[in-house]
Amino acid sequence: MAVVGLDMGNFSSYIGVARAGGVEVIANEYSDRLTPTYVTFDKSTRSIGQASKAMEVTNAKNTINNFKRLIGRRFQDSHVQQEKEFNAYAIVEGPNSSVNIEVDYLNERKRFTPEQIAGIMFTKLRQITDTELKTKAVDCVIGVPCYFTDAERRAMLDAAQIAGWNCLRLMNETTAVALSYGIYKADLPEQTEKPRLVAFVDMGYTSLQASIVAFNKGKLKMVATSFDPSLGGRDFDNLIMDAMRDDFQKRYKIDSYSTVKAKLRLRAECEKAKKLMSANVQPIPIGLECFIDDKDVN
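Written out as structure tokens, the structure is:
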């Protein structure tokens, strides 16, 4: 039975399996290798992945993402308070200063822990894996940020267990990146020679990790690691959003942050623009039809 590699990020998740002499990132039911790390609750159902992401604007207060930043933390933690300001859903204090997420589900106001939400996401990843491999996947290795504490790591193990995964190991994401680089390199120095030093930079949706790794044939050594758990791609989205908000206020006399729906629509457009700007030097247009008060803005 193959061991599956799971990468559950704050924005998207990936599944890797060893196959055909290499590691393949498998596709979900939408033939996409990326599955949004989103869970949405409704009156009678819950949606996960792409289906949940599509409901972010229409059901914002019951659509949960960024929950990985809440796992294993106390309610008073500064990161938790930061997420309260960023997300549309309700983050409340639970028993013993724990973190709870409050949503409307099955016509009731219900509370879930971040570990339970992560367990739902891990269940979705297991369903994708079972469908692709045509067998019941059990054993896995899960990537976690290098700065995760013992409490956060235990919480990730609990979440995986909810989904029925047998997690053989939690691997630091910095180590996983280095391993994926070195495992296929045929020109690395012999173990008796001076190692090759390589720098890796991992910019995620909400955090930044960097590492220096020494490579020899069949061997890698983590020389140094640094990180900023509060700097990621969404911070660049926010800068673009603030610029667009100021521009729209001056030219259209509207506040783009006046409603949750408007803010989420603007965020989606700014995220698209950021990705296009990463690959283009030409000006990138941003436009929204019937944005606020039926005004088209650009």
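No gaps in the numbering here: position 182 of the sequence shown is 241 in the numbering used here, and each next residue is one more. Don't be surprised by glycine CBs; every beta carbon is placed ideally from N, CA and C. Remember, it's a predicted structure, so these values are computed and weren't measured experimentally.
Going by other Cβ atoms of all chains shown within 10 Å of its Cβ, with 16 needed for buried, is residue i buried or exposed?
| i | result |
| --- | --- |
| R170 | exposed |
| N339 | exposed |
| G178 | buried |
| P95 | buried |
| K334 | exposed |
| K127 | buried |
| G64 | buried |
| M262 | exposed |
| V98 | buried |
| P344 | exposed |
| N225 | exposed |
| R66 | Looking at the sequence provided, one finds Asp at residue 66 rather than Arg. So D66 counts as buried. |
| R228 | exposed |
| Q268 | buried |
Indicate the three-state DSSP secondary structure (helix, strand or coil) for residue i in the structure shown.
| i | result |
| --- | --- |
| F207 | coil |
| A372 | This structure cannot speak to residue 372, because the chain is shown only from 60 to 357. |
| P95 | strand |
| T284 | strand |
| V335 | According to the sequence as given, residue 335 is Leu; it is not Val. Three-state result, L335: helix. |
| E167 | strand |
| S72 | strand |
| V236 | helix |
| M114 | coil |
| E249 | coil |
| D217 | helix |
| N155 | helix |
| R133 | coil |
Under DSSP, the alpha helix (DSSP H) around residue i begins and ends at which residues?
| i | result |
| --- | --- |
| F145 | S137 to F145 |
| M180 | P173 to L192 |
What are the boundary residues of the beta strand (DSSP E) that residue i is part of?
| i | result |
| --- | --- |
| L267 | L267 to N275 |
| A245 | Here A245 belongs to no beta strand (DSSP E), and DSSP marks it neither H nor E. |
| Y358 | The structure shown does not extend to residue 358, since the chain is modelled only from 60 through 357, so no value can be given for it. |
| V258 | Note on identity: in this sequence residue 258 is Ala, with Val being the wrong assignment. Segment R255 to M262, the beta strand (DSSP E) holding A258. |
| M149 | Per the sequence presented here, residue 149 reads as Ala, with Met not at that position. Looking at the DSSP string, the run of the beta strand (DSSP E) that includes A149 is A149 to E152. |
| S106 | R105 to I107 |
| D404 | Absent from the model: residue 404. The displayed extent of the chain is 60 to 357, so no value can be given. |
Would a check of beta-carbon distances place residue i closer than 7 angstroms to chain D?
| i | result |
| --- | --- |
| Y206 | The displayed structure is made up of one protein chain only, and chain D is not part of it. |
Measure the alpha-carbon distance for residue i versus residue j and round it to whole angstroms.
| i | j | result |
| --- | --- | --- |
| D287 | P173 | 22 angstroms |
| D101 | D246 | 54 angstroms |
| S266 | K278 | 28 angstroms |
| E83 | P154 | 42 angstroms |
| T208 | I201 | 15 angstroms |
| V272 | V236 | 10 angstroms |
| F295 | Y243 | 33 angstroms |
| V257 | A283 | 11 angstroms |
| V151 | I160 | 6 angstroms |
| L192 | L298 | 42 angstroms |
| Y164 | S270 | 42 angstroms |
| V356 | D198 | 50 angstroms |
| V62 | S103 | 35 angstroms |
| N118 | H138 | 24 angstroms |
| S157 | L93 | 30 angstroms |
| F274 | P248 | 7 angstroms |
| S72 | D353 | 36 angstroms |
| Q186 | D305 | 44 angstroms |
| T318 | S337 | 29 angstroms |
| S111 | S285 | 33 angstroms |
| F350 | A86 | 34 angstroms |
| Y206 | D136 | 15 angstroms |
In the DSSP output, what is residue i paired with across the bridge?
| i | result |
| --- | --- |
| C199 | V63 and C226 |
| K354 | I351 |
| A77 | V82 |
| T122 | T99 |
| N231 | V203 |
| L279 | F274 |
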